[in-house]
Amino acid sequence: MRGTILILGACGQIGTELTQSLRKIHGEENVIASDIRYGNEAFVKEGPFEIIDATDRAKILEIIQKYNVSQIYLMAAMLSATAEKYPQKAWELNMNSLLITLELAKEKYIDTIYWPSSIAVFGPSSPKINTPQDTIMNPTTVYGMSKLAGEHWCNYYHNKYGVDVRSLRYPGIISWKTKPGGGTTDYAVDIYFKAIEESKYECFLSEKTMLPMMYMNDAIKATIDIMEANPNDIKIRTSYNLAAISFTPEEIANEIRKHIPNFEVNYKPDFRQEIANSWPQIIDDSKSREDWNWSHNHDLVSMTEDMLKNIQSKMISL
Ligand code: SER
Numbered sequence: 003m004r005g006t007i008l009i010l011g012a013c014g015q016i017g018t019e020l021t022q023s024l025r026k027i028h029g030e031e032n033v034i035a036s037d038i039r040y041g042n043e044a045f046v047k048e049g050p051f052e053i054i055d056a057t058d059r060a061k062i063l064e065i066i067q068k069y070n071v072s073q074i075y076l077m078a079a080m081l082s083a084t085a086e087k088y089p090q091k092a093w094e095l096n097m098n099s100l101l102i103t104l105e106l107a108k109e110k111y112i113d114t115i116y117w118p119s120s121i122a123v124f125g126p127s128s129p130k131i132n133t134p135q136d137t138i139m140n141p142t143t144v145y146g147m148s149k150l151a152g153e154h155w156c157n158y159y160h161n162k163y164g165v166d167v168r169s170l171r172y173p174g175i176i177s178w179k180t181k182p183g184g185g186t187t188d189y190a191v192d193i194y195f196k197a198i199e200e201s202k203y204e205c206f207l208s209e210k211t212m213l214p215m216m217y218m219n220d221a222i223k224a225t226i227d228i229m230e231a232n233p234n235d236i237k238i239r240t241s242y243n244l245a246a247i248s249f250t251p252e253e254i255a256n257e258i259r260k261h262i263p264n265f266e267v268n269y270k271p272d273f274r275q276e277i278a279n280s281w282p283q284i285i286d287d288s289k290s291r292e293d294w295n296w297s298h299n300h301d302l303v304s305m306t307e308d309m310l311k312n313i314q315s316k317m318i319s320l
């Protein structure tokens, strides 16, 4: 790699751990974290950090030149539930940040872009079980619309201008270091924290709502693997289906009960239920497995053990 890496949205759920993993590989000073505001103080001090609004082209370009950036990971986005509350703002952030980054690559200021897409690109008319890479896609959420449009922009810039942009359709990501915000799959993080803190949880999705999910360690591995892959192996330039596990709130609660037997959950679906109902349940990610050798490590059992262990030790150290 000729220059450094810039992470936009580094203080978010995925951005934080991605920054730390990339710093382990490339060295602290070669990975520039940035966000629209300061996040966790300890994280901000771990290496170079800049305040950047991902829709501010001039600022992004200034930082590219300051640090000789050659790769951007564009992790800033408004997720599904928040985007339903602020549709215009979500569209603006999710689309403008991507178009600016693609243009900067077209103009050869940077070489490579990573941009996450989501299972939200699928809609109520997509097959719910083993959802194929290419199928009917009529998303009904603003978030899904922005991700599907974004995928096509990525493909367009690749075909038309040779831009090396790579993308994955993340399922719900489960982590303990940084909490997600504004997503429909966030319950699957909150449930672990509440199980430990209060032994009870009120779930905003119904007990039988199955969604595709993944442990953070696997999501980071997938992201780094696709970025390290030979460009010729990346045959899909919209975005790759990516999968690990699928479960319902009832199944995750039962798994937690193996460790915390008195854990109680009651179900009070809100507006996020409709979003979840429009998404797939199980994703077919065979193209990722074939093209760039994707494989996941964590299932519901090992993820639950790891989540509970880490949340407990995090609480003791506070
Ligand atoms: N986790 C995201 C959300 O729930 C889906 O990509 O919005």
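Letter 166 of the sequence shown, counting from 1, is numbered 168 in the numbering used here, and no numbers are missing. Each residue gets a CB set at the ideal place from its N, CA and C atoms; glycine is no exception.
query, result
"Along the chain, where does the beta strand (DSSP E) that runs through Asn98 open and close?", "Segment 89-108 is the alpha helix (DSSP H) holding Asn98; no beta strand (DSSP E) there."
"Does the count of Cβ pairs from the segment 80-93 and the segment 139-151 closer than 8 Å reach three?", "yes"
"In three-state terms, what does DSSP make of Val71?", "strand"
"Do Ile193 and Ile258 have their C-beta atoms within less than 8 Å of each other?", "yes"
"Report, in whole angstroms, the separation of the C-beta atoms of Met216 and His154, which I expect to be a contact under 8 Å.", "With a Cβ gap of about 24 Å, Met216 and His154 do not count as contacting."
"Under a three-way DSSP split, which group does Gly49 fall into?", "coil"
"Around the C-beta of Glu19, are 16 or more other C-beta atoms found within 10 angstroms, so that it is buried, or is it exposed?", "buried"
"Whole angstroms are fine: how far does the CA of Thr103 sit from the CA of His160?", "13 Å"
"To the nearest angstrom, how far is it from the Cα of Ala60 to the Cα of Gly17?", "22 Å"
"In this structure, how does DSSP classify Leu302 when only helix, strand and coil are distinguished?", "helix"
"For Asp166, write down the residues that DSSP places opposite it in a beta bridge.", "Thr114"
"By Cβ distance, which residues of its chain are closer than 6 Å to Ile115, with the 5 residues on each side in sequence left out?", "Ile74, Thr103, Ala107, Val167"
"Under a Cβ-count criterion, where at least 16 other Cβ atoms within 10 Å of its own Cβ denotes burial, should Glu31 be classed as buried or exposed?", "exposed"
"Reducing DSSP to helix, strand and coil, say where Pro129 ends up.", "coil"
"To the nearest angstrom, how far is it from the Cα of Ile54 to the Cα of Tyr111?", "17 Å"
"With which residues is Pro214 paired in a DSSP beta bridge?", "Ser248"
"Can you tell me whether Tyr269 sits near the ligand SER, meaning its C-beta is under 7 Å from at least one heavy atom of the ligand?", "no"
"Mapping DSSP to helix, strand and coil, what is Ser119?", "strand"
"Would you list, in sequence order, the uninterrupted beta strand (DSSP E) runs of no fewer than 3 residues that lie entirely inside the segment 170-239?", "170-172, 174-176, 202-205, 213-217"
"Are there any heavy atoms of the ligand SER lying less than 7 Å away from the beta-carbon of Gly185, as far as the coordinates show?", "yes"
"Sorted by chain position, which residues of the same chain lie with C-beta nearer than 6 Å to Thr180's C-beta, five sequence neighbours on each side aside?", "Gln15, Thr18"
"Consult DSSP for Ile16 and reduce its assignment to one of helix, strand or coil.", "helix"
"Heavy atom of the ligand SER less than 7 Å from the Cβ of Ala78, yes or no?", "no"
"Please determine, among Tyr69, Asn264, Ser288, the residue with the shortest C-alpha to C-alpha distance to Arg4.", "Tyr69"
"Taking 7 Å as the line, does the beta carbon of Leu101 fall inside it for any heavy atom of the ligand SER?", "no"
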